[in-house]
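A.B. asks:
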Amino acid sequence: MTLMTRKWMVTSFIIFFLNFPLQTHSNTTTVYNTQKEALNEFAFDLYKQVTQPNQNIILSPYSLSSLLVILLNGAQGTTQQQLAKLLHFNEDNGNKFNLEAIDANLLGSNACPRDAYCKSDDNNSVLLIANALWADRSFSYIPAFLTALQQAKITQFHQADFKNLPEKARNTINNWVEKKTNNYIQHLIPQGVISEDTKLILVNAIYFNGLWALPFQPKDTATALFLLENGTSVQTPMMKQEDRFLYKEDAHLQILQLGYKNSAIRLAILLPKGSYTVQQVLRNLDQNTFSKLINASTEQKIQVNIPRFKLESTFNALNTSLQKMGLKDAFTDQANFSRMTKSPLSISAILQKAIIEVDEKGTVAAAATATIMTATAAFPQPVIQFNANHPFLLVLFDTKSGIILFIGQVVNPTGT
């Protein structure tokens, strides 16, 4: 049986330079008492900053937040306060949001150790999350910061000669990213980004490849019209199946959850109803709303129609988005990373590349999966139509921790 797979790949990196001046000011924000709530609120905040109407987008807020948590543990003073506010962390909780606590609550505690390809028993789903730090040979860590990272076992440490061999360092980092993402993310760091002032580069990579728990049959895929927001339409391959899925709807949207075979990760598709648009849904979406929709979903018989698609996004100026969200000092000569190093240090660039791909791969014995979720009610139930033939949002999240890994939107499945 040929199954549909979804592949998700993302890398983020942060480059530290010697300090350069910039204007600063502060802002206020809502704080939360759990990692899931805080990181998911940051996820929606970030996505609302980077999203563009009428553009396909895929973003991994977790890929970035995992690096920001490392920075939080190395920051002090106003820089630390701004990072905590950005991430919606409650400073009154002290060390509650430390490296080990964040990592332990993601993806079901010990289910997936860092920097290891975690596979299900039948190899139908694969997940990798990896962090790495590359420091210039002249860079010196504060021992306590280095010890905390080593004890948390959430990152690799490398040295590089950014001053004399910037291209060699760039190629080394890019090769590491390519390996971790199974060659899907290439050339993450472009030429000219690393200079003699570069002192530290933090990199995160996430790779997920999963087979649907309830596979779509290729013979049922047919070309159909997808309605664009400008009133025109395009023809695209539309996958179809009827089965029982977790589902919820309200006055403005339908939300469908698709599971992966032997995996705690799930994909939620948020489909606007009627004249409601993706941007209108997004404006009213935060971690509380999303959590309520997910928790209120019930298993129902659904006729599913979703397009085949591939999304690729490159974000070359996430530092601008974070500054708009209130992280100011970290990019200026006011940056205080004194728990990380005694040297003056500030962030120069934050970049991310992300890919999601829906495709058909090979032949897999699916056992009885296709027949497990059959209707068993005493009375026939009406079949709900979930026809994703117009722009929609998608959220990939881990059901054990509740943490959002990716957010994206499909406005045109035939283009990127």
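Sequence positions in the sequence shown follow mature numbering (1 follows the signal peptide of the UniProt record, and there is no 0) and run -26 to -1, 1 to 390.
Here a beta-carbon is modelled for each residue, glycine too, at the ideal position from N, C-alpha and C.
What's the gap between the Cα of K335 and the Cα of Q50?
C.D. replies: Confidence is the limiting factor: at K335 the pLDDT is only 33, short of 50, which leaves the residue's position unreliable, though a coordinate-based value still follows. The straight-line gap from Cα to Cα measures roughly 49 Å.
A.B. asks: For D194, collect the residues of the same chain with a Cβ closer than 6 Å to its Cβ; drop the 5 residues on either side in sequence, then sort them by chain order.
C.D. replies: Only K214 meet the Cβ criterion.
A.B. asks: Per DSSP, what are the beta-bridge partners of K59 in this structure?
C.D. replies: Beta-bridge pairing links K59 to no other residue.
A.B. asks: Which runs of the beta strand (DSSP E) spanning at least 3 residues fall entirely within the segment 98 to 148, listed in chain order?
C.D. replies: You should have 99 to 110 and 130 to 134.
A.B. asks: Between the alpha carbons of Q359 and I378, how many angstroms are there, rounded?
C.D. replies: The alpha-carbon atoms of Q359 and I378 are separated by roughly 26 Å.
A.B. asks: I need the DSSP call for G382, collapsed to helix, strand or coil.
C.D. replies: Correct three-state label for G382: strand.
A.B. asks: Counting C-beta neighbours from all protein chains within 10 Å, is the total for residue 418 16 or more, i.e. buried, or is it exposed?
C.D. replies: Outside the shown range of the chain (-26 to 390) lies residue 418, about which nothing can therefore be said.
A.B. asks: Taking 7 Å as the limit between beta carbons, can you name the residues of its chain near P211, skipping five residues before and five after?
C.D. replies: So the qualifying residues of the chain are T195, T197, P281 and R282.
A.B. asks: Where does N14 sit, in a helix, a strand or coil, going by DSSP?
C.D. replies: In the structure shown, N14 sits in a helix (DSSP, three-state: H, G or I).
A.B. asks: At what residues does the beta strand (DSSP E) containing A242 begin and finish?
C.D. replies: Start and end: I239 to P246.
A.B. asks: Between R144, I243 and K298, which has its C-alpha nearest L368's C-alpha?
C.D. replies: Of R144, I243 and K298, the residue nearest in Cα terms is I243.
A.B. asks: Can you check the segment 271 to 299 for any alpha helix (DSSP H) of at least 4 residues that lies completely inside it and give the ranges in chain order?
C.D. replies: Those alpha helix (DSSP H) runs which fall completely within the segment 271 to 299 and span 4+ residues are 292 to 298.
A.B. asks: Quick one: what's got a C-beta closer than 6 Å to D135's C-beta in the same chain, skipping five residues either side?
C.D. replies: These residues qualify, in order along the chain: R111.
A.B. asks: Please list, in chain order, all residues of the same chain as P288 whose beta carbon is under 6 Å from its beta carbon, the five residues on each side excluded.
C.D. replies: Note that residue 288 corresponds to Thr in the displayed sequence, not to Pro. Around T288: K327.
A.B. asks: Just mark A349 as buried or exposed, buried being the case when its beta carbon has 16 or more other beta carbons within 10 Å.
C.D. replies: Bear in mind that a pLDDT of 24 at A349, under 50, signals an unreliable position, so the model cannot answer this.
A.B. asks: Does the beta-carbon of S83 have 16 or more other beta-carbons within 10 angstroms, so that it is buried, or is it exposed?
C.D. replies: Because the pLDDT of S83 is 39, which lies under 50, any placement of that residue in the model is unreliable, and the number read from its coordinates should be weighed accordingly. Exposed, because fewer than 16 other Cβ atoms sit within 10 Å of the Cβ of S83.
A.B. asks: What number of angstroms, rounded off, separates the C-alpha of Y234 from the C-alpha of P189?
C.D. replies: Taking the straight line joining both Cα atoms gives about 9 Å.
A.B. asks: Would you kindly report the start and end of the unbroken alpha helix (DSSP H) that includes S169?
C.D. replies: First-last for S169: undefined, no H or E at that position.
A.B. asks: Do you know whose CA, among Q308, P318, L325 and G382, lies nearest T53's CA?
C.D. replies: Residue Q308 is the option with its Cα nearest to T53.
A.B. asks: According to DSSP, simplified to helix, strand and coil, what is T350?
C.D. replies: In this prediction, T350 has a pLDDT of 30, which is less than 50 and means its spatial position is unreliable; nothing more can be read from the coordinates.
A.B. asks: Three or more C-beta pairs closer than 8 Å, one from the segment 264 to 274 and one from the segment 217 to 232: is that the case here?
C.D. replies: Output reads yes: the segment 217 to 232 touches the segment 264 to 274.
A.B. asks: Hey, how far is the Cα of S320 from the Cα of N145?
C.D. replies: Cα to Cα, the separation comes out at about 23 Å.
A.B. asks: Determine, using beta carbons only, whether G48 and F311 come nearer to each other than 8 Å.
C.D. replies: Yes, they are a contact pair.
A.B. asks: Can you tell me the Cβ-Cβ gap for H161 and N148, rounded? I've got them flagged as a contact below 8 Å.
C.D. replies: About 6 Å; that satisfies the 8 Å criterion.
A.B. asks: Less than 8 Å between the C-beta atoms of L232 and R240, yes or no?
C.D. replies: In this structure, R240 lies closer than 8 Å to L232 by Cβ.
A.B. asks: Alpha carbon to alpha carbon, what distance is there between K316 and L101?
C.D. replies: Approximately 36 Å between the Cα atoms of the pair.
A.B. asks: Excluding the 5 residues flanking N290 on each side, which residues of the same chain have their C-beta closer than 7 Å to its C-beta?
C.D. replies: Correct list, in chain order: L325.
A.B. asks: Should K142 be labelled buried (16 or more other beta-carbon atoms within 10 Å of its own) or exposed?
C.D. replies: Exposed is the call here.
A.B. asks: Any idea what DSSP makes of I177, helix, strand or coil?
C.D. replies: The displayed chain sequence assigns Val, not Ile, to residue 177. Here V177 sits in strand by DSSP.
A.B. asks: Could you tell me how far apart the beta carbons of I180 and I103 are, in whole angstroms, since I believe they sit closer than 8 Å?
C.D. replies: So it is a contact: roughly 5 Å between Cβ atoms.
A.B. asks: My output table needs one value for F311: the three-state DSSP class, helix, strand or coil.
C.D. replies: Three-state DSSP puts F311 in coil, outside helix and strand.
A.B. asks: Kindly indicate the opening and closing residues of the alpha helix (DSSP H) around S249.
C.D. replies: Taken as a continuous stretch (DSSP letters only), S249 belongs to no alpha helix (DSSP H), as it is neither H nor E.
A.B. asks: Are the beta-carbon atoms of S237 and S40 separated by less than 8 Å?
C.D. replies: No.
A.B. asks: Please name the residue, chosen from I128, G382 and D372, that lies closest to G184 on a Cα-to-Cα basis.
C.D. replies: Of the candidates I128, G382 and D372, the one whose C-alpha sits nearest the C-alpha of G184 is D372.
A.B. asks: In the DSSP assignment, find the beta strand (DSSP E) that holds V43 and state where it starts and stops.
C.D. replies: Unbroken run through V43 is the alpha helix (DSSP H), P35 to L46; no beta strand (DSSP E).
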